[in-house]
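Note that UniProt numbering has the sequence shown beginning at 1, numbered continuously upward.
Idealized CB from N, CA, C, for every residue including glycine.
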Amino acid sequence: MIGGIHRKVLAAHTKLCASRAFMLSGYPSQSHEMLFDAHTRAFAAFGGVPKRGIYDNMKTAVDKVSKGNGRVVNTRFFAMTAHYLFDPDFCNVAVDCIRPKAEGEVER
1 MIGGIHRKVL AAHTKLCASR AFMLSGYPSQ SHEMLFDAHT RAFAAFGGVP KRGIYDNMKT
61 AVDKVSKGNG RVVNTRFFAM TAHYLFDPDF CNVAVDCIRP KAEGEVER
C-alpha cells in the first residue's frame, strides 16, 4: 500500500550464478526503462558486470521465439547488452530453467 492505495509492484530479480548474491528492485510496470534501471542498479551493487545473463523469454528482451533456440532479440535490449558487454542467453520455452529458483527467492 502506497499513500493509502493498493498498488501492484513488479519485482526485477537479478542473481549471480556463482555466489548466488541477488538484488530485488520494485517497479510499477514492466518496461524497457525498468529493465535498464534494474540492470544498472544490480551491476552497481555487484561491483561489475557478469560475462553472461540468462533470461526467460520476456517481451522486453525477446520479440519472437523461433523453433529450437532461435530468438529475435529486441533491439533496445540488445543495445543494452552491447553497452555493458555481456552475452544474453535465453531459456528454452519447453524447459523452465530460471523461474523456480528466482520465484523461490522472491517468495521467501
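* To do: On the DSSP bridge assignment, give the partners of Thr-40 in chain order.
  => Thr-40 is not bridged to any residue.
Exercise for review: Work out the CA separation of Ala-45 and Thr-81 for me, nearest whole Å.
Suggested key: 18 Å
*Rounded to a whole number of angstroms, what is the C-alpha to C-alpha distance between Arg-20 and Ala-11?*
17 Å
* Excluding the 5 residues preceding and the 5 following Val-9 in the sequence, name in chain order all residues of the same chain whose CB lies nearer than 8 Å to its CB. => Gly-26, Tyr-27, Pro-28
**Message:** On a Cα-Cα basis, can you pick out the residue from Met-34, Ile-2, Cys-91, Arg-7 that is closest to Gly-53?
**Reply:** Cys-91
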